[in-house]
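>
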Amino acid sequence: MTPITKRYEVSGDDFTHAGEASGKVKTLLKQIGYHPDAIRRIAIAMYEGEINMVIHANGGFANVDIYPDRVEILLEDTGPGIEDVDKAMEEGYSTAPDEVRALGFGAGMGLPNIKKYTDDMRIESAVGVGTKVYMTIKGQ
Amino acid sequence: MEEFYHSVTLDEDKCKGCTNCIKRCPTQAIRVRDGKARIISERCIDCGECIRVCPHHAKRAIYDPLTKMDDYAYTIALPAPTLYGQFNNLSDIDYVLTGLLDMGFDSVFEVSKSAEIISDATRRLIRQGGLKMPVISTACPAMVRLIRVRFPDLCDNVLRLISPMQAAARQAKREAMARTGLKKEEIGVFFISPCPAKVTDVRSPIGMDESWVDGVLAISDIYPRLLEKMNKIVTPRPVAESGIIGVSWANSGGESSALIREQYLAADGVENVMAVLEQLEDARFGELDFIELNACPGGCVGGVLTVENPYVAKARIQKLRKYLPVSLNHIEQEDDMTELWWNCKLEYAGVMKLSDDLNEAMDMMAGIERIVKVLPDLDCGSCGAPSCRALAEDIVTQKARLNDCIFILREEASSAGIPVSFYGKEETGAKEET
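For the record, the sequence lines run as chains A and B.
Taking the working numbering, the leading residue of the first sequence gets 239, the next gets one more, and so forth.
Taking the working numbering, the leading residue of the second sequence gets 5, the next gets one more, and so forth.
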């Protein structure tokens with residue numbers, strides 16, 4: 239079955255818009271009738287990814303493919319890239335600036351949470367080029 | 005019991021078919037069809053937003069007439085604490101309660117008394133643990149219905165305790181039966197309500213088989229008569245039996261502050277509440293024990309059946325409660341709590357779902373995505389749907405046609421050689437340069 243494909247621009251200029259794309263995906267999934275637990279995992283994982291792009295990469299794009307049995311998400315940015323992906327995956331490790339921490343972000347749980355809530359996750363990153371985060375969440 | 009009883013209705017003669025209500029409805033439950041606003045029953049949560057926003061007063065709340073009191077041998081008034089905030093220069097709640105007695109009620113039972121019991125029960129339950137945190141208040145019936153139709157993942161977080169109104173009705177009636185020897189059906193319990201959502205909660209309760217409330221009167225409806233009686237009172241009778249905690253339930257934050265703990269959030273106004281629930285679904289909050297939600301701005305004082313501005317009412321209640329004891333009603337024995345529990349869980353009603361069959365829903369969603377691309381993305385509402393996307397949904401579910409969109413209609417007409425003018429200028433098919 240051909241997926242329902244959505245592409246959202248995640249704006250890097252305004253922090254207050256972060257989380258809008260994952261909110262829209264959530265609405266679609268409810269209308270399609272996805273299981274509430276799957277919707278929750280998808281929403282959290284995508285939200286964390288969105289926030290990461292806004293904090294670290296001045297925004298990017300969220301590509302979402304909805305299949306009957308799974309959702310595949312690709313978050314891509316042209317930001318600074320991640321120097322040490324393994325280190326970034328550690329809980330509590332963060333390079334977020336202080337002003338973002340003041341808002342309660344930057345606890346170093348973004349990527350670990352994505353890992354936790356997805357069934358499959360892969361990071362491709364090159365310093366100075368950008369980062370791609372692939373994630374798959376099973377539907378039921 | 006009907007599954008979706010509603011206390012909001014349309015006055016066909018007054019409805020002009022404008023777009024005010026369709027735009028404001030939090031569940032996109034209204035469409036203008038054939039020039040009149042139609043409510044999609046299964047989506048409506050009785051929040052009253054459409055009543056508040058309609059400039060033609062075409063949306064009406066359903067409530068009982070005062071004459072319904074004549075149907076009973078003995079009547080009990082159940083004033084919501086919001087009632088106390090409607091009067092200027094009120095120094096003592098007893099004036100309001102005495103006024104109700106002078107209006108012809110045989111007795112009064114303050115809902116704020118039962119609110120204190122529910123607060124006590126909530127404190128105990130949170131202390132005991134075992135609830136899914138954070139616990140979401142169920143005092144506002146519109147909020148329970150909102151969660152039921154839009155937030156499947158939060159259905160297990162709701163506080164499964166009956167509302168102060170329902171608890172008050174049962175206790176008041178039982179006490180009156182014991183006192184008078186009358187039968188249950190001879191005693192009429194009348195809730196004096198700030199909102200139509202409570203009417204729905206009486207006719208079609210969630211969490212209990214049958215409501216003990218027999219009638220719901222509107223604060224705005226009884227106000228003139230009550231005020232007249234109150235003005236004649238020389239010495240009020242000492243009937244008030246509730247404290248700061250119970251009376252404060254009228255305001256947003258009142259139920260939360262009664263829990264005597266800091267980790268709470270109180271949101272009011274439908275748009276704010278929706279934003280909070282969206283975030284809650286994404287697990288974006290840290291440690292929170294309790295979420296209080298009210299559909300109306302300011303809490304129950306903002307209900308559409310009140311007479312006073314919500315913020316004025318709030319200020320008056322703050323003044324009134326100043327010298328009250330903290331709480332006058334407590335749970336005497338743990339056993340008393342069992343009766344306060346709901347008899348079921350909150351079941352998600354997936355009314356926003358396109359189809360029960362996931363594959364079919366996927367196909368329909370693909371269709372919506374295709375249609376949305378040809379629509380103008382103006383969300384003008386002229387088609388009768390609140391947004392271009394909502395129209396696309398209606399087309400896919402065969403409730404509307406593509407040329408319900410006036411921009412599509414114009415294109416169709418132009419290409420058929422029919423001149424269409426929107427702005428008083430005649431269009432000839434070719435675009436006019438200005």
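The beta carbon of each residue, even a glycine, is placed where N, CA and C say it ideally should be.
Just tell me which of I295(B), R265(B), P209(B), R131(B) has its CA closest to the CA of C50(B).
Stepping through the second sequence from its first residue, residue 50(B) is reached at position 46. In the sequence on display, residue 50(B) carries Asp and not Cys. For D50(B), the nearest C-alpha among the options comes from P209(B).
> Okay, do the stretch 213 to 232 of chain B and the stretch 88 to 102 of chain B touch, 3+ Cβ pairs below 8 angstroms being the bar?
Yes, the stretch 213 to 232 of chain B is in contact with the stretch 88 to 102 of chain B.
> Strictly below 7 angstroms CB to CB, what residues from chain B border G261(A)?
In the first sequence, counting from the first residue as 1, residue 261(A) sits at position 23. Under the 7 angstroms cutoff, chain B gives E282.
> Between which residues of its own chain and E338(B) is the CB-CB distance below 7 angstroms, once the five residues before and five after are set aside?
The sequence position of residue 338(B) within the second sequence is 334, counting from 1. Taken in chain order, the list of residues that qualify is empty.
> DSSP has V112(B) in a bridge; who is on the other side?
Mapped onto the second sequence, residue 112(B) falls at position 108. Partner(s): A81(B).
> Closest to H294(A) by CA distance: which of K244(A), G368(A), G377(A), I280(A) is it?
For the purposes of this step, residue 294(A) is taken as the residue at position 56 of the first sequence. Among K244(A), G368(A), G377(A), I280(A), the Cα nearest to that of H294(A) belongs to G368(A).
> Given a threshold of 16 other Cβ atoms within 10 Å of its Cβ, counted over all protein chains shown, does M239(A) qualify as buried or as exposed?
Working through the first sequence from its first residue, we reach residue 239(A) at position 1. With fewer than 16 Cβ atoms within 10 Å of its Cβ, M239(A) is classed as exposed.
> Decide yes or no for the touch test of the stretch 330 to 346 of chain B against the stretch 303 to 322 of chain B: beta carbon pairs closer than 8 angstroms, at least 3 of them.
Not touching, per the Cβ criterion.
> L332(B) by DSSP, collapsed to three states: which one?
Reading the second sequence from its first residue, position 328 is the one you call residue 332(B). Correct three-state label for L332(B): coil.
> Within a Cβ cutoff of 6 angstroms, which residues of the same chain sit near H60(B), ignoring the five residues on either side of it in sequence?
Numbered from its first residue, the second sequence carries residue 60(B) at position 56. K18, K20.
> What are the partner residues of F294(B), as DSSP defines its beta bridges?
Locating residue 294(B) in the second sequence gives position 290, where the first residue counts as 1. According to DSSP, which records beta bridges pairwise, F294(B) is partnered with V139(B), Y268(B).
> Find out if the Cβ-Cβ distance for the pair R42(B), I55(B) is shorter than 9 angstroms.
Along the second sequence, read from residue 1 onward, the residue named residue 42(B) stands at position 38. Along the second sequence, read from residue 1 onward, the residue named residue 55(B) stands at position 51. No.
> Go to S386(B), then tell me how far its beta strand (DSSP E) extends in each direction, as first and last residue.
Numbered from 1 along the second sequence, position 382 holds the residue referred to as residue 386(B). Where S386(B) is concerned, there is no enclosing beta strand (DSSP E), given that its DSSP letter is neither H nor E.
> State yes or no: is the C-beta of I304(A) within less than 9 angstroms of the C-beta of K244(A)?
On the first sequence, residue 304(A) is found 66 positions in, with the first residue counted as 1. On the first sequence, residue 244(A) is found 6 positions in, with the first residue counted as 1. The answer is yes: Cβ separation under 9 angstroms.
> Could you pull out every residue in the same chain whose Cβ sits closer than 6 angstroms to the Cβ of P390(B), ignoring the five residues on either side in sequence?
By 1-based counting over the second sequence, the position of residue 390(B) is 386. Only I26, K27, Q32 meet the Cβ criterion.
> For chain B, is any of its Cβ atoms less than 9 angstroms away from the one on G346(A)?
In the first sequence, counting from the first residue as 1, residue 346(A) sits at position 108. No, G346(A) does not count as interfacial toward chain B.
> Rounded to a whole number of angstroms, what is the C-alpha to C-alpha distance between D307(A) and D315(A)?
Within the first sequence, residue 307(A) is the residue found at index 69, counting from 1. Within the first sequence, residue 315(A) is the residue found at index 77, counting from 1. Those two C-alpha atoms are separated by around 27 angstroms.
> Out of curiosity, what's the CA-to-CA distance linking M347(A) and M327(A)?
Locating residue 347(A) in the first sequence gives position 109, where the first residue counts as 1. Locating residue 327(A) in the first sequence gives position 89, where the first residue counts as 1. The straight-line gap from Cα to Cα measures roughly 8 angstroms.
> Give me the chain A residues within the contact set of E373(B), using Cβ-Cβ distance strictly less than 7 angstroms, ordered along the chain.
The count along the second sequence starts at 1 and reaches residue 373(B) at position 369. Within chain A, the residues near E373(B) are I242.
> For a quick check, are the C-beta atoms of S141(B) and I264(B) less than 9 angstroms apart?
Taking the first residue of the second sequence as position 1, residue 141(B) is located at position 137. Taking the first residue of the second sequence as position 1, residue 264(B) is located at position 260. No. Outside cutoff.
> According to the Cβ coordinates, are V193(B) and L105(B) closer than 9 angstroms?
Locating residue 193(B) in the second sequence gives position 189, counting from the first residue. Locating residue 105(B) in the second sequence gives position 101, counting from the first residue. Contact: no.
> Restricting to Cα atoms, I'd like to know which of S260(B), R325(B), M147(B), L70(B) is closest to G274(B).
Translated into positions along the second sequence, residue 274(B) becomes position 270. According to the sequence shown, residue 274(B) is Val rather than Gly. Considering only alpha carbons, the answer is M147(B).
> Check the Cβ-Cβ distances between A334(A) and every residue of chain B, and say whether any is below 9 angstroms.
Position 96 of the first sequence holds residue 334(A). Not an interface residue.
> Below 8 angstroms, can you find three or more Cβ-Cβ pairs linking the stretch 156 to 176 of chain B to the stretch 302 to 317 of chain B?
No, the stretch 156 to 176 of chain B is not in contact with the stretch 302 to 317 of chain B.
> Applying a beta-carbon distance threshold of less than 8 angstroms, which residues of chain A neighbour L328(B)?
Sequence index remark: in the second sequence, residue 328(B) carries index 324 (1-based). Correct list: empty, because the minimum Cβ distance to chain A is about 37 angstroms.
> Closest Cβ-Cβ distance between Y352(B) and chain A: below 9 angstroms?
Locating residue 352(B) in the second sequence gives position 348, counting from the first residue. For Y352(B), the answer is yes, since a Cβ of chain A falls inside 9 angstroms of its Cβ.
> Is the shortest distance between the beta-carbon of M366(B) and the beta-carbons of chain A less than 9 angstroms?
By 1-based counting over the second sequence, the position of residue 366(B) is 362. Taking Cβ atoms only, chain A reaches closer than 9 angstroms to M366(B), which makes this a yes.
> Across which residues does DSSP place S261(B) in a beta bridge pair?
The residue given as residue 261(B) occupies position 257 in the second sequence. The partner list for S261(B) (beta bridge, DSSP) is empty, contrary to what the question assumes.
> Taking the straight line between their C-alpha atoms, what separation do you get for S3(B) and C384(B)?
Not covered by the structure: residue 3(B). The range shown for chain B is 5 to 438.
> In whole angstroms, what is the alpha-carbon distance linking E190(B) and D361(B)?
Working through the second sequence from its first residue, we reach residue 190(B) at position 186. Working through the second sequence from its first residue, we reach residue 361(B) at position 357. Straight-line Cα distance between these residues: approximately 49 angstroms.
> Please list the partners that K357(B) has in chain A, where partner means a Cβ-to-Cβ separation under 9 angstroms.
The sequence position of residue 357(B) within the second sequence is 353, counting from 1. Those are K268, Q269, I270, G271, listed as they occur along chain A.
> Report all residues from its chain with a CB closer than 8 angstroms to the CB of I76(B); omit the five preceding and five following residues, and keep chain order.
Sequence index remark: in the second sequence, residue 76(B) carries index 72 (1-based). Looking at the sequence shown, residue 76(B) is not Ile but Tyr. Here the set comprises E190, I191, G192, D218.
> Excluding the 5 residues flanking K262(A) on each side, which residues of the same chain have their C-beta closer than 8 angstroms to its C-beta?
Translated into the one-based positions of the first sequence, residue 262(A) becomes position 24. Only K244, Y246 meet the Cβ criterion.
> Does E6(B) pass the burial test, meaning 16 or more other C-beta atoms within 10 Å, or should it be called exposed?
Residue 6(B) sits at position 2 when you count from the first residue of the second sequence. Because E6(B) carries a pLDDT of 45, less than 50, the predicted location of this residue cannot be relied on, and the following value inherits that uncertainty. Answer is exposed; the Cβ neighbour count stays below 16.
> Would you say Q267(B) faces chain A, with C-beta separation under 9 angstroms as the test?
The count along the second sequence starts at 1 and reaches residue 267(B) at position 263. No - not a single Cβ of chain A is within 9 angstroms of the one on Q267(B).
> Please classify C348(B) as buried or exposed, where buried requires at least 16 neighbouring CB atoms within 10 angstroms.
Here residue 348(B) is taken as the residue at index 344 of the second sequence, counted from 1. Counting Cβ neighbours within 10 Å, C348(B) comes out exposed, since fewer than 16 surround it.
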